[in-house]
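Have a look at the structure below, then the notes.
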Amino acid sequence: AETVRLLSSSQVITSVVSVVKELIENSLDACATTIDIRLENYGFDKIEVRDNGNGIKVADVPVMAVKHYTSKINSSEDLERLTTYGFRGEALGSICCVSEVLVTTKTADDDISTQYVLDSNGHVTSQKPSHLGQGTTVTVLKLFKNLPVRKQFYSTNKKCKEELKKVQDLLIAYGIIKPELRITFVHNKAAIWQKNRVSDHKMACMSVLGTAVMGNLCAVFVVSLQINLSGFLPKAESDSSLTSLSSSERSFIFINDRPVHQKEILKLIRQYYSVLMQKDSARLYPVFFLNITVPASAVDVNLTPDKTEVLLQYKDCVLLAVEHVLKSLYGPLPA
Ligand code: ADP
Ligand code: MG
């Protein structure tokens, strides 16, 4: 049973980025408006995510890291109207299985915060009073201590640097989709990146992408009964040196506020953009932000453990809506 637990956990928690993703999604589900992320040794010695959210109720503490426990849904009908990032109750338990975890938390009802030490089964083994404000801090030590091959895989300098970059890209994505969220990111005590609280997506994009790039993007919307699109795409007359990249790192697609990989949508946007720029689309990635909102019942986010691959019920309609926006912006594709 121990081995099975380890295997399933190592599929949910595949890297430093996946730990950070799960922890910040928990913070967002707890309505945090500030999230501070600290890594040591690229996250392999320590990953700490601190939020100012609702905290964890004393009654939930013994079960919080028990696999498949979630405070977020009660029935399968709840899945149809999902508004939280988490719902499978898998993350905290899986992280416990592959590292050493401390959780410090305080709700509005608690007088002081308490730090809990969890074991590899997610059970609390000790607790002590601490001095933090309202919210939750999860500290993950010695990631993959029991998965030497995984640890080895990430041990080169190049891999470590790539992981750090991926964490930053992930934070940037959440920073855009959650304008009101303040984020700080520290590695080995050096500030790597941060974003302040702003009022809307435009300001969020501005702070992340910079004013020069934003000046070359324009707002787009499609509002319909089931599908809403909104975001920023390069203007038809945009300066290609500001709006083109050689990788997709600044192509942001969200479905219901989740950062996702949607190859077909990305491909469509690249096609139109490359015709506009008269360049080969194989090497051209436009800078853009697109948030697609559909009824929760129309997406299945359960294809992959990290929920970045999703199935859309009305995918053709979504593609048509995207194409409609692209045509009105850039004109039709040449036959
Ligand atoms: P899920 O997010 O799918 O519910 P997790 O394993 O990620 O499962 O978390 C388990 C539970 O622990 C959550 O349902 C929530 O009750 C609690 N929890 C975890 N992190 C936080 C946090 N940062 N703030 C408040 N509650 C949290
Ligand atoms: Mg979660």
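In full-length UniProt numbering, the protein residues as written are 6 to 340.
Backbone N, C-alpha and C define an ideal beta-carbon position, used for all residues, glycine too.
- In chain order, A301 place their CB closer than 6 Å to the CB of L87, counting only its own chain and leaving out the 5 sequence neighbours on each side.
- Look at D56 here: in three-state DSSP terms it is strand.
- Bridge pairing for E45: K51 [DSSP].
- Setting aside the 5 residues that flank it on each side, E95 is surrounded in the same chain by V17, each with a C-beta closer than 6 Å to its C-beta; the list follows chain order.
- Restricted to the stretch 188-248, the beta strand (DSSP E) segments that are unbroken, complete and at least 3 residues in length are 195-200, 222-228, 233-239, listed in chain order.
- For E185, the CB contacts under 7 Å within the same chain, skipping 5 residues up- and downstream, are T38, R202 in chain order.
- If you look at S135, you'll find it in the beta strand (DSSP E) that goes 129-135.
- Pairwise C-beta distances place the stretch 38-52 in contact with the stretch 152-169, as three or more of them are shorter than 8 Å.
- The set of residues with CB atoms less than 5 Å from any heavy atom of the ligand MG reads, in chain order, N31, G91, A96.
- G48 has its CB no nearer than 7 Å to any heavy atom of the ligand ADP.
- Under the DSSP assignment, T8 falls in the alpha helix (DSSP H) whose first and last residues are 7-17.
- Per DSSP, the continuous beta strand (DSSP E) segment holding N296 begins and ends at 293-298.
- For D305, the pairing in a beta bridge is given by DSSP as L316.
- With a minimum length of 4 residues, the unbroken runs of alpha helix (DSSP H) contained wholly in the stretch 144-177 fall at 153-158.
- With respect to Q139, G60 sits close: the two C-beta atoms are nearer than 8 Å.
- Contact holds between the stretch 287-307 and the stretch 228-241, because three or more Cβ pairs, one in each stretch, are under 8 Å apart.
- Between the stretch 264-280 and the stretch 220-236, the count of Cβ pairs shorter than 8 Å is below three; the stretches do not touch.
- Just so you know, the alpha carbons of K332 and R275 end up roughly 13 Å apart.
- Per DSSP, the continuous alpha helix (DSSP H) segment holding L271 begins and ends at 268-282.
- Contact between the stretch 256-264 and the stretch 175-183 is present: 3 or more CB-CB pairs across the two stretches fall below 8 Å.
- K156 and G220 have their alpha carbons spaced roughly 43 Å apart.
- Contact between the stretch 71-85 and the stretch 105-115 is absent: fewer than 3 CB-CB pairs across the two stretches fall below 8 Å.
- CA-CA distance, E269 to D285, rounds to 17 Å.
- Judged by DSSP secondary structure, S80 falls outside any alpha helix (DSSP H); it is assigned neither H nor E.
- Contact between K62 and E105 is absent: CB atoms are separated by about 24 Å, not below the 8 Å threshold.
- Counting along the chain, the unbroken alpha helix (DSSP H) around I29 starts and ends at 21-34.
- Within the same chain, Cβ atoms closer than 7 Å to the Cβ of Q199 are found at I188, T189, F190, the five residues on either side in sequence being excluded.
- Across the structure, K272 and V227 are spaced so that their CA atoms are roughly 19 Å apart.
- When the Cα atoms are used, K150 and L334 turn out to be separated by approximately 51 Å.
- For V22, the CB contacts under 8 Å within the same chain, skipping 5 residues up- and downstream, are E168, K171, V172, L175 in chain order.
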